[in-house]
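Visitor: Take a look at the following structure, please.
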Amino acid sequence: MIYVQKSSAIPSSLARQTSYSGEDVTDQLNSDFHGKCYICEQKESIRTYNVEHFSPHRGDTFIKYDWNNLFLSCGHCNSVKTAKKFDDILNCSDATHHVEEAIRHYCNPFPKEFALFEVKIESTKASNTRDLLDKTFNGEHTGFKKLESANLRALLLQEIKEFSDFLEGFEEDEDEKEYYSNKIIQHLKNDTAFTAFKRWIIRDNLALNETFGSYFEKEITNNNSILGRKT
Ligand SMILES: [Zn+2]
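In this text, residue positions in the sequence shown follow my numbering: the first is 2, and each later residue adds one.
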């Protein structure tokens, strides 16, 4: 999960309070969230896109059509979040929640590995977010949800392996160093799949962080307000 800067311009169709998924809303969400599910960060592989209510509206008209409450998620994450009632989690569109730094994302680049999530900045919201991410990627689901989690881990593994190959090439191939460096920098941008996992590989390695840390630190907001502000 990474910080997402949502557009301050509210899609006009929401004012009618008849639909929260008009084309102007879905287009803006797709643009703001870089076509990614805000929870799992999968991108091109998403089969079902959902306009998600970050806080469940439970019939409340204001919350239902509030632009600040509408997020882009995949069907899998939306259903896990709803089924397990993860209502009090870090808000990726709130810079003060530091979602990326608060949760370490990790996955070994080997088959059948599970994704690991570790709270780095303690708060109730961070713990709940860690649990949601864990359920999404590793949950002991039944039926299709079980398949969806397994597919998600396979996609993550593929991305991490490719990224690891670029890191290895950068270290070992002096002639192609610039090529690999450019590939790594591209992979660290906000609009790539599973960005948080790749940035944490860099953060976890002192030498890599010195070389590449600056390329994504500037994409993360510098707002240092209080963590866990009540929303
Ligand atoms: Zn998802």
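By construction, the Cβ of each residue, glycine as well, lies at the ideal position given by its N, Cα and C atoms.
What is the rounded straight-line gap between the Cα of aspartate 205 and the Cα of leucine 158?
Guide: Within the sequence shown, residue 205 is the residue found at index 204, counting from 1. Within the sequence shown, residue 158 is the residue found at index 157, counting from 1. Between aspartate 205 and leucine 158, the C-alpha separation is close to 18 Å.
Visitor: At the 8 Å Cβ level, is aspartate 174 part of the contact set with chain D, yes or no?
Guide: Chain labels in this structure do not include chain D; a single protein chain is all it has.
Visitor: Contact defined as beta carbons within less than 8 Å: I believe histidine 77 pairs with leucine 156. What is the distance between those atoms, to the nearest angstrom?
Guide: Within the sequence shown, residue 77 is the residue found at index 76, counting from 1. Within the sequence shown, residue 156 is the residue found at index 155, counting from 1. Wrong, their Cβ atoms sit about 11 Å apart, outside the cutoff.
Visitor: According to DSSP, is leucine 91 part of a helix, a strand, or is it coil?
Guide: Here residue 91 is taken as the residue at index 90 of the sequence shown, counted from 1. The answer is coil: DSSP assigns leucine 91 none of H, G, I, E or B.
Visitor: Going by DSSP, what residue range makes up the alpha helix (DSSP H) through serine 32?
Guide: In the sequence shown, the residue the question calls residue 32 occupies position 31. Counting along the chain, the alpha helix (DSSP H) containing serine 32 begins and ends at 24-33.
Visitor: Would you identify the three-state DSSP class for cysteine 75, choosing helix, strand or coil?
Guide: If you number the sequence shown from 1, residue 75 lands on position 74. Strand.
Visitor: Bridge partners of tyrosine 181, per DSSP?
Guide: Along the sequence shown, read from residue 1 onward, the residue named residue 181 stands at position 180. According to DSSP, which records beta bridges pairwise, tyrosine 181 is partnered with nothing at all.
Visitor: With distances taken Cα to Cα, identify the nearest neighbour of methionine 2 among Leu133, Asn69 and Phe115.
Guide: Locating residue 2 in the sequence shown gives position 1, counting from the first residue. Methionine 2 has its Cα closest to that of Leu133, out of Leu133, Asn69 and Phe115.
Visitor: Starting from phenylalanine 115, follow its DSSP beta bridges and name the residues at the other end.
Guide: By 1-based counting over the sequence shown, the position of residue 115 is 114. In the DSSP output, where bridge partners are listed per residue, phenylalanine 115 has none listed.
Visitor: Whole alpha helix (DSSP H) runs in the region 136-219 with 4 or more residues, listed along the chain?
Guide: Counting only runs of 4 or more, we get 144-173, 178-188, 196-204 and 207-218.
Visitor: For the candidate residues Ser9, Leu15 and Cys41, whose alpha-carbon lies nearest to that of threonine 196?
Guide: Residue mapping note: residue 196 aligns to position 195 of the sequence shown, counting from 1. Nearest C-alpha to threonine 196: Cys41.
Visitor: Between lysine 126 and histidine 99, is the Cβ-Cβ spacing less than 8 Å?
Guide: By 1-based counting over the sequence shown, the position of residue 126 is 125. By 1-based counting over the sequence shown, the position of residue 99 is 98. Not a contact, by the Cβ cut-off of 8 Å.
Visitor: So glutamate 102 is in the alpha helix (DSSP H); what residue range does that whole segment cover?
Guide: The residue you call residue 102 lines up with position 101 of the sequence shown. 100-103 is the extent of the alpha helix (DSSP H) around glutamate 102.
Visitor: Could you check whether the Cβ of serine 150 sits closer than 7 Å to any heavy atom belonging to ligand 2?
Guide: Within the structure as shown, ligand 2 is missing, the only ligands being ligand 1.
Visitor: Please determine whether the Cβ atom of glutamine 43 lies at a distance below 7 Å from any heavy atom of ligand 1.
Guide: Taking the sequence shown and counting its residues from 1, one reaches residue 43 at position 42. Glutamine 43: yes, Cβ under 7 Å from ligand 1.
Visitor: Starting from the Cα of glutamine 187, find the closest Cα among Ala208, Ser215, Glu175 and Asp174 and give me that residue.
Guide: Mapped onto the sequence shown, residue 187 falls at position 186. Measuring from the Cα of glutamine 187, the nearest candidate turns out to be Ser215.
Visitor: Roughly how many angstroms separate the alpha carbons of arginine 131 and glutamate 45, rounded to a whole number?
Guide: Position 130 of the sequence shown, counted from the start, is the residue given in the question as residue 131. Position 44 of the sequence shown, counted from the start, is the residue given in the question as residue 45. Spanning the two alpha carbons is a distance of roughly 24 Å.
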